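Peer 1: Can you read through this structure? Questions will come right after.
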């Protein structure tokens, strides 16, 4: 009965990765205590990933294609899944934070504002401050981009490899002239 439950093991709706792992480990330990030798660490690892895959097929594919997947332990897989879960939560939190700010700005009622002109002025100021920060970011990126190419000698028409080749040829010619 427990063995068939393990075979049909899936991640429940609303369940976290840690809760799924704990539930899988309880089932696995119960089956092992009853004397079943089929459930090795590798089989439990693949079962955990298989149960997680409907939630994120891309991560499942990435992990399975990793060259170290066959040697991956259960704890390493759990760490990867938990890390991905945290990253997803951070992204959702940051996007939710931006969405909430926009909703708050749009929720200003006419009773709170003295006139519609003031509302449009404040919105224009906010838009211009956003544009200003965006312009500053773009100018900083362009500045760093130009510095990068100046250091690399991008405008000179030849690469570092060609410089080294020319130097070695010139040094060889000089040594040849000195030896003669």
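Numbering (my numbering), first residue to last: 8 to 187. Every residue, glycine too, gets a C-beta built ideally from N, C-alpha and C. None of these values were measured; they are calculated from a predicted model.
With the cut-off set at 9 angstroms, would you say residue 16 and residue 34 are in Cβ contact?
Peer 2: Yes. Within cutoff.
Peer 1: Do three or more CB pairs link the segment 45 to 53 to the segment 80 to 97 at distances below 8 angstroms?
Peer 2: These segments touch.
Peer 1: Return helix, strand or coil for residue 22, following the three-state DSSP convention.
Peer 2: Here residue 22 sits in coil by DSSP.
Peer 1: For residue 52, report the span of its alpha helix (DSSP H) as first-last.
Peer 2: That run of the alpha helix (DSSP H) goes 48 to 59.
Peer 1: Note down, in chain order, each residue of its chain lying with its Cβ closer than 7 angstroms to the Cβ of residue 62, except the 5 sequence neighbours on either side.
Peer 2: Correct list, in chain order: 18.
Peer 1: Report yes or no: do the segment 21 to 36 and the segment 69 to 78 share at least 3 C-beta pairs separated by less than 8 angstroms?
Peer 2: They do not touch, by the three-pair rule.
Peer 1: Quick check: the Cα distance between residue 109 and residue 100, rounded to an integer number of angstroms?
Peer 2: Bear in mind that a pLDDT of 47 at residue 109, under 50, signals an unreliable position, so the number given afterwards is only what the model happens to contain. Residue 109 and residue 100: Cα-Cα distance of roughly 14 angstroms.
Peer 1: In the DSSP assignment, the alpha helix (DSSP H) including residue 70 goes from what residue to what residue?
Peer 2: Run containing residue 70: 64 to 72, per the alpha helix (DSSP H) assignment.
Peer 1: Three-state secondary structure (DSSP) at residue 80?
Peer 2: Looking at residue 80 - three-state DSSP - the assignment turns out to be coil, as it is neither helix nor strand.
Peer 1: For residue 2, which residues of its own chain have a beta-carbon under 8 angstroms away from its beta-carbon, when the five flanking residues on both sides are left out?
Peer 2: For residue 2 there is no data in the structure shown, the boundaries of the chain being 8 and 187.
Peer 1: Please say whether residue 87 and residue 66 have beta carbons closer to each other than 9 angstroms?
Peer 2: In this structure, residue 87 lies closer than 9 angstroms to residue 66 by Cβ.
Peer 1: Going by C-alpha to C-alpha distance, which of 78, 43, 29 sits closest to residue 89?
Peer 2: Among 78, 43, 29, the Cα nearest to that of residue 89 is on 29.
Peer 1: Where do the N-terminal and C-terminal ends of the alpha helix (DSSP H) with residue 13 fall, by residue?
Peer 2: Element bounds for residue 13: 9 to 14.
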